[in-house]
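Asker: Under numbering that gives the first Met the number 0, think of the first position of the sequence shown as 0, with each following residue one higher. Where is the CB? At the ideal position from N, CA and C, for every residue including glycine.
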Amino acid sequence: MTMFPVWREISAQRIGQAPGTAIVAEETPIGLLYNGVPHAVMMATPADLEDFAVGFSLTEDIVRAASEIRGIDVRETADGVELDVLLAPERFHAFLSRRRTRSLRGHTSCGLCGVEEIADACSMTPRAPAGSSFTPAALQHALAMLSSQQELNRRTRATHAAAWVSVEGEILLVREDVGRHNALDKLIGAALRQGIDLAAGFCLITSRCSYEMVQKALMAGMPAIVAISAPTALAVRAAEAAGLTLVALARADGQNVYAGPQRIRDLLPGDAVPVGDVTIPGKPLG
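1. Alpha carbon to alpha carbon, what distance is there between T20 and V164?
2. What does a CB cutoff of less than 6 Å around A234 pick up in its chain, not counting 5 residues either side in sequence?
3. In this structure, does DSSP put A77 in helix, strand or coil?
4. Spatial neighbours of L32 within its chain, please: C-beta separation below 8 Å, excluding the five flanking residues on both sides.
5. I'd like to know if the region 178–194 and the region 57–72 are in contact, where contact means that at least 3 CB-CB pairs between them fall below 8 Å.
6. Give the single residue among G178, T134, Q261 whose Cα lies nearest to the Cα of E26.
7. Answer with buried or exposed for E49, where buried requires no fewer than 16 other C-beta atoms within 10 angstroms of its C-beta.
8. To the nearest angstrom, report how far apart I195 and A17 are at their CA atoms.
9. To the nearest angstrom, how far is it from the Cα of Q12 to the Cα of V53?
10. In the structure shown, what three-state DSSP assignment does Q254 receive?
11. So which of R154, W6, I9, D60 has the shortest CA-CA distance to L217?
12. With a cut-off of 8 Å on the beta carbons, I'd call V225 and C202 a contact; round off their distance for me.
13. Note down, one range per segment and in chain order, each alpha helix (DSSP H) of at least 4 residues found wholly within the region 119–205.
14. Pull up the distance between the alpha-carbon of E89 and that of L95, whole angstroms please.
15. Within this structure, are the beta carbons of V23 and I14 separated by less than 8 Å?
16. Any idea which residues DSSP pairs P37 with across the strands?
17. In chain order, what residues of the same chain have a beta carbon less than 7 Å from the beta carbon of L284, not counting five sequence neighbours either side?
18. Can D78 and P28 be called in contact, C-beta distance under 8 Å?
19. Tell me whether R101 is buried or exposed, calling it buried when 16 or more other Cβ atoms sit within 10 Å of its Cβ.
20. Taking the DSSP output, what are the residues bridged to L245?
21. Are there 16 or more other CB atoms within 10 angstroms of the CB of S147, so buried, or fewer, so exposed?
22. Got a sec, what are the start and stop residues for the beta strand (DSSP E) T58 sits in?
23. Are A43 and N181 close, meaning C-beta to C-beta below 8 Å?
24. Less than 8 Å between C-beta atoms, sequence neighbours within five positions excluded: which residues of the same chain meet that for R69?
25. Could you tell me whether the Cβ atoms of L172 and K215 are closer together than 8 Å?
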C-alpha cells in the first residue's frame, strides 16, 4: 500500500504569543480514472486511497459490487495522486456508455460534483434495507467513543470522520478526510473490502447530513445514518421516501430523529415532541 503524508508541521504564530508551529492536514488532488480513462478529480486527504476508490465507485453507481473492480493502481504525480481503477469488461463498457463529455472536478465542500441536469441530482436511489434496531444507549455509547478514534482530527482539528457502528454501539470502522463526502466514501469502501455487513448497524458522521450523504448511505445499502450536525430538508425528505433512519444533531445530551424512528428501540411516544412530520425524543435541540 502506497503511503503519503496526511499532515505536516508548519510555522505559525498565535496572536499575542511567540512564533511557533502548527500541524495542518494535507489536501491533495485525487484523480480517479477507470481503465485509464479520466473521470473525476476530488480534493481529499491522501490516505486510505484504495478504500476511497471502491467507495466512490459504488456511491457514484460506476460499480454495483466491489467484485466488479479487478484492481486499483495508485500513482503519485507531479500535482497529486491518480487512482486508476480497473473495471471488469462489462462494467467498463457500461461506464463508457454513461460517461460525460467532460471529466468531473470536485472539492472537499461539494457534493454531487459535475451533475449537469437538475433531474440528475434527484435520481432514483435504492430503498434502505430492513436492517436491525438499536437503542439510544447504543447511539450515545458510539458518540462518546468516536473522538478517541479520530487520530488525524486530534492532530489537525480539520477533518471529518465517518464510522460504522454495530447495533450494540461498538465502533467497528472509522475513516477520516478533509471532505465529509470523502470520509463516507472511504468508510463504505473499507467496509466492502473487509466484508462488513452494512445492513447490520448504523453510520455515524461528524458533519451535517445533506442530501448527498443520504444518497451515498442508500447506495451502500445502509439502513440508518446518524449525524452530529444538522440535516437539510431535502435530506430528511429523501430519507423518509427511502425508509432510511435519519438521526441528527446527535449530542451527548440528546438526539433528534427526523426519519425512520421504527429502528430505534425504547423511543417511547410519551417522551416524544412532534415537530411537523418529524418526531424528536426529549427536548428539541438546535
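Answerer: This is what the structure holds:
1. In the sequence shown, counting from the first residue as 1, residue 164 sits at position 165. In the sequence shown, counting from the first residue as 1, residue 20 sits at position 21. So the two alpha carbons sit approximately 36 Å from each other.
2. Reading the sequence shown from its first residue, position 235 is the one you call residue 234. Closer than 6 Å at the Cβ level, and outside the excluded window around A234, lie C208, S209, Y210, V213.
3. Here residue 77 is taken as the residue at index 78 of the sequence shown, counted from 1. Here A77 sits in coil by DSSP.
4. Numbered from 1 along the sequence shown, position 33 holds the residue referred to as residue 32. For L32, where only same-chain residues beyond five positions count, the Cβ hits under 8 Å are H38, E81, L82, D83, V84.
5. Output reads yes: the region 57–72 touches the region 178–194.
6. Taking the sequence shown and counting its residues from 1, the one referred to as residue 26 is at position 27. If we check each option's Cα against that of E26, G178 comes out closest.
7. The residue you call residue 49 lines up with position 50 of the sequence shown. It is buried - the Cβ of E49 has at least 16 other Cβ atoms within 10 Å.
8. Taking the sequence shown and counting its residues from 1, one reaches residue 195 at position 196. Taking the sequence shown and counting its residues from 1, one reaches residue 17 at position 18. Roughly 49 Å between the two C-alpha positions.
9. As a first step, residue 12 must be located in the sequence shown, where it is residue number 13. As a first step, residue 53 must be located in the sequence shown, where it is residue number 54. Straight-line Cα distance between these residues: approximately 40 Å.
10. Here residue 254 refers to the residue found at position 255 when the sequence shown is read from its first residue. DSSP places Q254 in strand when its eight states are reduced to three.
11. Position 218 of the sequence shown, counting from 1, holds the residue named residue 217. When C-alpha distances from L217 are compared across R154, W6, I9, D60, the shortest belongs to D60.
12. Walking along the sequence shown from the start, residue 225 turns up at place 226. Walking along the sequence shown from the start, residue 202 turns up at place 203. The C-beta distance from V225 to C202 rounds to 7 Å, short enough to meet the 8 Å contact threshold.
13. Listed in chain order, the complete alpha helix (DSSP H) runs (minimum 4 residues) inside the region 119–205 are 135–145, 150–155, 179–193.
14. The residue given as residue 89 occupies position 90 in the sequence shown. The residue given as residue 95 occupies position 96 in the sequence shown. Just so you know, the alpha carbons of E89 and L95 end up roughly 10 Å apart.
15. The sequence position of residue 23 within the sequence shown is 24, counting from 1. The sequence position of residue 14 within the sequence shown is 15, counting from 1. No, the pair does not count as a contact, with Cβ atoms beyond the cut-off.
16. Start at 1 with the first residue of the sequence shown, and residue 37 comes out as number 38. Per DSSP, L32.
17. Here residue 284 corresponds to residue number 285 of the sequence shown, with the count starting at 1. The predicted model places L284 with a pLDDT of 41, which falls under 50 and marks its position as unreliable, so this point remains unresolved.
18. As a working mapping, residue 78 is identified with position 79 in the sequence shown. As a working mapping, residue 28 is identified with position 29 in the sequence shown. In this structure, D78 places its C-beta atom within 8 Å of the C-beta atom of P28.
19. For the purposes of this step, residue 101 is identified with residue 102 of the sequence shown, where counting begins at 1. With a pLDDT of 44 at R101, under the threshold of 50, the predicted position of this residue should be treated as unreliable, though the coordinate-derived value follows. Exposed, by the Cβ-count rule.
20. What you label residue 245 is simply residue 246 of the sequence shown in a count that begins at 1. The partner list for L245 (beta bridge, DSSP) reads I224, A258.
21. The residue you call residue 147 lines up with position 148 of the sequence shown. It counts as exposed.
22. Position 59 of the sequence shown, counted from the first residue, corresponds to residue 58. In this chain, T58 is not harboured by any beta strand (DSSP E); it is covered by the alpha helix (DSSP H) spanning 48–58.
23. Taking the sequence shown and counting its residues from 1, one reaches residue 43 at position 44. Taking the sequence shown and counting its residues from 1, one reaches residue 181 at position 182. Result yes, Cβ atoms of A43 and N181 sit closer than 8 Å.
24. Here residue 69 is taken as the residue at index 70 of the sequence shown, counted from 1. Counting only Cβ-Cβ distances below 8 Å, and skipping sequence neighbours, we find L85, L86, A87.
25. Sequence index remark: in the sequence shown, residue 172 carries index 173 (1-based). Sequence index remark: in the sequence shown, residue 215 carries index 216 (1-based). No, the pair does not count as a contact, with Cβ atoms beyond the cut-off.
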